[in-house]
């Protein structure tokens with residue numbers, strides 16, 4: 001089996017680049033998508049993905065919560081971390097088993113959740 005890969009789903013370029021750098025600096029393979037739809041296409045072709053780190057608000061198209069529901073249907077073992085800066089997003093809105101980290105987030109908290117979910 002190949003090394004676990006983390007899929008970062010974020011529509012804001014600087015945040016996406018920062019998350020990729022954080023994960024790669026911690027030794028993870030990381031790929032990214034700008035939308036929920038693009039993330040699903042990546043999931044279909046990259047079996048090494050073990051964790052998805054997604055924002056809720058992804059601009060145009062479907063949001064991160066829609067993505068999480070699709071991942072739960074098609075790839076139940078994949079761990080999911082959801083992030084948002086909006087106060088209306090709470091753990092109660094998330095599908096079962098998804099972790100939530102509010103923005104702004106601490107790098108250590110994200111890496112702790114990635115380690116837990118990738119294990």
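Residue numbers (the UniProt record's numbering): 1 to 119.
C-beta: ideal position from N, C-alpha, C; glycine also.
Measure the alpha-carbon distance for residue i versus residue j and round it to whole angstroms.
| i | j | result |
| --- | --- | --- |
| residue 60 | residue 11 | 9 Å |
| residue 66 | residue 19 | 21 Å |
| residue 27 | residue 62 | 30 Å |
| residue 186 | residue 81 | Outside the displayed range of the chain (1 to 119) lies residue 186, so it cannot be described from this structure. |
| residue 32 | residue 16 | 7 Å |
Which whole-angstrom value describes the C-beta separation of residue i and residue j, a residue pair presumed to lie in contact below a C-beta threshold of 8 Å?
| i | j | result |
| --- | --- | --- |
| residue 8 | residue 30 | 6 Å |
According to DSSP, simplified to helix, strand and coil, what is residue i?
| i | result |
| --- | --- |
| residue 48 | coil |
| residue 57 | coil |
| residue 74 | helix |
| residue 1 | Unreliable placement is indicated for residue 1, whose pLDDT of 43 sits below 50; no coordinate value is reported for it. |
Please list, in chain order, all residues of the same chain as residue i whose beta carbon is under 6 Å from its beta carbon, the five residues on each side excluded.
| i | result |
| --- | --- |
| residue 51 | 6, 79, 114, 117 and 118 |
| residue 34 | 11 |
Determine, for residue i, whether the minimum Cβ-Cβ distance to residues of chain D falls below 8 Å.
| i | result |
| --- | --- |
| residue 17 | Given the protein chain composition of this structure (a single chain), no chain D is represented. |
Short of 8 Å in beta carbon distance, which residues of its chain neighbour residue i, apart from the five on each side in sequence? Order them along the chain.
| i | result |
| --- | --- |
| residue 105 | 83 |
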